Amino acid sequence: MREVRVRFAPSPTGALHIGGVRTALYNYLLARKHNGTMILRIEDTDQGRYVPGAEDYILRSLSWAGIKIDEGVGVGGPHAPYRQSERKPLYRQYAQKLVDEGNAYYAFDTESELESMRKATPNAQYDGTIRVKMNNSFTLSAEEVAQKLSSGDKYVIRLKVPGNEEVRIQDLIRGEVIVNSSQVDDKVLMKSDGMPTYHLANVVDDYLMKISHVIRGEEWLPSAPLHVLLYKYLGWEKDMPQFAHLPLLLKPDGNGKLSKRDADKMGFPIFPLNWTDPASGELAKGFRENGYLPEAMINFLAFLGWNPGTEQEIFSMDQLIDAFTLERIGKAGARFDIQKAQWFNQQYIRTKADEELTVYLFDSLQKENIECTLEKAHKIITVMKERVTFPQDFWEQGKFFFIAPTAFDEQIVAKKWNDDAVRVLSAYKNEIKLINPLTATAAKDLLEKVTASLGIKTGQILQMLRMSITGGASGPDLMMTMEILGNPEVEKRIGYALETLKVKIA
RNA sequence: GGUCCGUUCGUCUAGGGGUUAGGACACCAGAUUUUCAUUCUGGUAACACGGGUUCGAUUCCCGUACGGACUACCA
463 MREVRVRFAP SPTGALHIGG VRTALYNYLL ARKHNGTMIL RIEDTDQGRY VPGAEDYILR
523 SLSWAGIKID EGVGVGGPHA PYRQSERKPL YRQYAQKLVD EGNAYYAFDT ESELESMRKA
583 TPNAQYDGTI RVKMNNSFTL SAEEVAQKLS SGDKYVIRLK VPGNEEVRIQ DLIRGEVIVN
643 SSQVDDKVLM KSDGMPTYHL ANVVDDYLMK ISHVIRGEEW LPSAPLHVLL YKYLGWEKDM
703 PQFAHLPLLL KPDGNGKLSK RDADKMGFPI FPLNWTDPAS GELAKGFREN GYLPEAMINF
763 LAFLGWNPGT EQEIFSMDQL IDAFTLERIG KAGARFDIQK AQWFNQQYIR TKADEELTVY
823 LFDSLQKENI ECTLEKAHKI ITVMKERVTF PQDFWEQGKF FFIAPTAFDE QIVAKKWNDD
883 AVRVLSAYKN EIKLINPLTA TAAKDLLEKV TASLGIKTGQ ILQMLRMSIT GGASGPDLMM
943 TMEILGNPEV EKRIGYALET LKVKIA
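First residue of the first sequence? That's 463 in the working numbering, and the numbers climb one at a time after it.
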């Protein structure tokens, strides 16, 4: 097997889509698996769509995801530059070679000429039959062409695609794909602004950078024959990379591929990191900011279209690298299931050390300007750890550890707040102040003592106790919750509940 | 419209000429937690359809349907 050199080659036209992260991941896994090289190339040949900040965003996103770049934009390397706009002068000679050898030609058609051609011809494409009716170096005399070129007329260079030839693509995922060249049109290789199009730049750079495997989205499959033809005409057939066209990520329900609109509608992110669109100023929340852990995202993304063939589901990056093979990538598009992503996230949170989880809680507390001892934070983490899906849940589901409730769940009050509850809570409140320190077991013993002496079942008033202390009807172990709060606070909260809800029973 | 790609539970998927078609998420139920969550146990649920080939097809072939991508001087 030849040296594995793969590339992730996004365009800086906006935030990197989560599907792009998956493409980068598969490239990365293959590279690491074979001790190869992961290259980042920025394909910015369309100045019109260039978005400032997008390149930096791509770099930061990959770094967050744990996908390390060995060579390319941001790190440099032997084939620099890795930004196509900076390689502009390079492409010209290859286009020229194609023209000189009769495999490409100059075309002078204006936009409106092209438009009217397309209108006049059903299923129009700029191919052998149309070519002869347009303004190009086939229909114009050599003098005319020379004259136009020297006078600075706008022109493009198009590939001359043969009329009826079988083009075979060996795809590592799909097997052999055969397309007749008559289905391929004379694609523009060099634009009138002197920039190459994707097709030329991509093939030239992959060749020069000695890319061994082109792993990219399925949307490129239709133009793969064109690329194969280019390798052939450029004389690079022996060095042509192997292709692997990945199935696409589909929207969770309904039809079509996953889009930002769907994600917005269903309330989940689609970009790895927060992204503010420089044109509109609109902020799109990222997976990171929503509390998704990079390890969980990677694990989830890897399994969208790939699986190891075993029943193991939790995979670290290193384990993925070890298990990954292109052969086990599926052919069909995969729906994006955010619930599965959340499950992965929950799994990963549980594997984290308490110290790390404590940091999450402190992050939230800092934003709220709330002080907390390390000891208390640790205890909260311990009781909450099995209950949370996201790092911010420690705070969001555990606010009551810091803020006493001012309102109570009305449904529960209506159903369970009665004389018995008031009697137990009043007695409990009076006796709890005597216990110091208030441990979970002491709190429980006392509660049982009080309910027994009043002849009331503990279970019947437990929910009211919880409600007085947390304001809600569910939460972590109540006795531990009271221990964490300490008895002055518990006493205060029960007192407040008793007072506030007094009117309700009358 | 044309070209290409695809199709196993609701979702991600394993499997593969003869299987009780397996797992995970989600969902439902029971247990435990005197609540909720967790955990445990169990359950519902799939080979798109029609023709071949074959002793036998979900698996191979061909059609159809459905889905997807592409069809720019965008990538």
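Where a beta carbon is used, it is the ideal one built from N, C-alpha and C, also for glycine.
Keep in mind that this is a model prediction, so the values were computed, not measured.
Please state the DSSP three-state secondary structure of residue i.
i	result
GLU833	coil
ALA746	strand
ALA968	Residue placement at ALA968 cannot be trusted, given a pLDDT of 48 that sits under 50; the coordinates are not used to answer.
VAL468	strand
GLY679	strand
VAL912	helix
GLU563	coil
PRO551	helix
HIS541	coil
LYS610	helix
GLU953	helix
PHE733	strand
THR962	helix
THR738	strand
ALA769	Reading the sequence as shown, one finds Asn at residue 769 and not Ala. ASN769 falls in the coil class under three-state DSSP.
LEU711	strand
GLY590	helix
ALA794	coil
GLY917	coil
TYR512	coil
ALA935	coil
ALA904	helix
What is the C-beta distance between residue i and residue j, in whole angstroms, given that I count them as a contact (C-beta under 8 Å)?
i	j	result
VAL952	ILE894	6 Å
TYR810	LEU735	Wrong, their Cβ atoms sit about 18 Å apart, outside the cutoff.
MET963	VAL875	Residue 963 is actually Leu in this sequence, not Met. The Cβ separation is near 6 Å, so the contact holds.
SER674	GLU465	6 Å
LEU940	ARG928	5 Å
LEU960	SER915	Contact flag wrong, Cβ pair sits at about 18 Å.
VAL650	HIS689	No, VAL650 and HIS689 are not in contact; Cβ-Cβ is about 14 Å, not under 8 Å.
Where does the unbroken alpha helix (DSSP H) through residue i begin, and where does it stop?
i	result
ARG484	480-495
GLN873	872-878
PHE856	855-858
ALA785	779-785
ASP726	722-728
ARG630	No alpha helix (DSSP H) holds ARG630; the beta strand (DSSP E) holding it covers 628-633.
PRO756	756-764
PRO687	686-695
GLU893	881-894
LYS581	573-582
Answer yes or no: do residue i and residue j have a C-beta to C-beta separation smaller than 8 Å?
i	j	result
ALA477	TRP737	yes
LEU634	ALA706	yes
LEU692	ALA557	no
ASP647	ASP571	no
TYR617	ALA569	yes
PHE749	ILE480	yes
ILE760	VAL468	no
GLN854	GLY933	no
THR813	GLY679	no
ARG403	ILE619	The requested residue 403 is not part of the displayed model; the chain covers only 463 to 968.
ASP944	LEU900	It should be pointed out that residue 944 corresponds to Met in this sequence rather than to Asp. It is a contact, given that the beta carbons lie within the stated cut-off.
SER644	GLY625	yes
LYS550	MET657	yes
LYS719	LEU708	no
ILE529	LEU487	yes
Please identify the residue among the options whose C-alpha is closest to the C-alpha of residue i.
i	options	result
THR920	ILE956, ARG630, GLU773, ALA883	ALA883
ILE504	ARG522, ALA493, ALA471	ALA471
TRP857	GLY729, ARG928, LYS838, PHE600	LYS838
LEU766	SER525, ASP518, VAL483	VAL483
ILE923	ASP881, PHE730, ALA904	ASP881
PRO740	THR507, MET500, ASN497, ARG511	ARG511
LEU696	GLY564, GLY729, THR868, MET596	GLY564
ALA815	PRO543, ALA803, THR844, GLN804	THR844
MET781	VAL594, VAL607, ARG723, GLU757	The question names Met, but residue 781 is Gln in the sequence shown. It is GLU757 whose Cα lies nearest to the Cα of GLN781.
PRO540	LEU909, SER599, THR499, ILE520	THR499
ARG790	GLY729, GLY637, LEU524, LYS530	GLY637
VAL627	LEU621, ASP615, SER613, ASN642	Checking the displayed sequence, the identity of residue 627 turns out to be Glu instead of Val. Considering only alpha carbons, the answer is ASN642.
Along the beta strand (DSSP E) that carries residue i, what are the first and last residues, could you check?
i	result
THR971	Residue 971 is absent from the model: the chain starts at 463 and stops at 968.
THR499	499-502
GLU638	637-642
VAL650	650-652
LEU621	618-621
ALA970	Since the displayed the chain opens at 463 and closes at 968, residue 970 lies outside it and no answer follows.
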